[in-house]
Amino acid sequence: MHESPRSPCILVVEDDKLTREIVVAFLRRGGYTNIVEAGLAEQAMFHIFKDRDLHIHLALVDLMLPNANGLTLIRKIRESKKAAKKNLPVIVMTGRTDTDTYKMAARRGVQGYLLKPLSAALLNETVGKVLTARGIKPPVPAEPLSTLAGPPANQELPPSLDEAF
């Protein structure tokens, strides 16, 4: 589902489909159009290490994934022999508020730590800061980030979100 070559490529790793769709919708509202989705760590590893057509600029990783958790995925990224993969910026998304989880993520060299439920404004602000720190220009959102805190006006929900309500 990657689109615009001008937009940085963001990998969203989230096993919960509804949450993944919300994160993608928030990123799109922030101007990001080149988004790749993975529901499992194994799918994320394929996109990061095997898909030669992709150049991922940043990964948003949920910590609680089935089979291999997000911390395991981050460890595999950091142990990569290729510098471009090893240094991939990672922002963690989690509902866990304990300091041990935060410390484990920090030891693995993550660039951001976002608590769920996410807000569109904070998500886009954090992604933008991490990309900017890497010399990558984030897209200009269609609307100011300050307006992303509320629900989008006259915007259709993704089909599965619509069904949830």
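Position 25 (the sequence shown) corresponds to 24 in numbering that gives the first Met the number 0; numbering is contiguous. Each residue gets a CB set at the ideal place from its N, CA and C atoms; glycine is no exception.
{"Check": "Following the continuous beta strand (DSSP E) through Gly-29, name the residue where it begins and the one where it ends.", "Outcome": "Run containing Gly-29: none; DSSP gives neither H nor E here."}
{"Check": "Here's the rule: buried if 16 or more other CB atoms are within 10 angstroms of the residue's CB, otherwise exposed. What is His-56?", "Outcome": "buried"}
{"Check": "Could you pull the DSSP bridge partners for Met-92 from this structure?", "Outcome": "Asp-61, Leu-113"}
{"Check": "I believe Gly-29 touches Ala-119 by the beta-carbon criterion, under 8 Å. Please report the beta-carbon distance rounded to the nearest angstrom.", "Outcome": "7 Å"}
{"Check": "Pull up the distance between the alpha-carbon of Gln-154 and that of Leu-10, whole angstroms please.", "Outcome": "Per-residue confidence for Gln-154 stands at a pLDDT of 43, beneath the threshold of 50, marking its modelled position as unreliable; the derived number appears in the next sentence. Gln-154 and Leu-10: Cα-Cα distance of roughly 23 Å."}
{"Check": "Please name the residue or residues paired with Val-11 in a DSSP beta bridge.", "Outcome": "Glu-36, Leu-59"}
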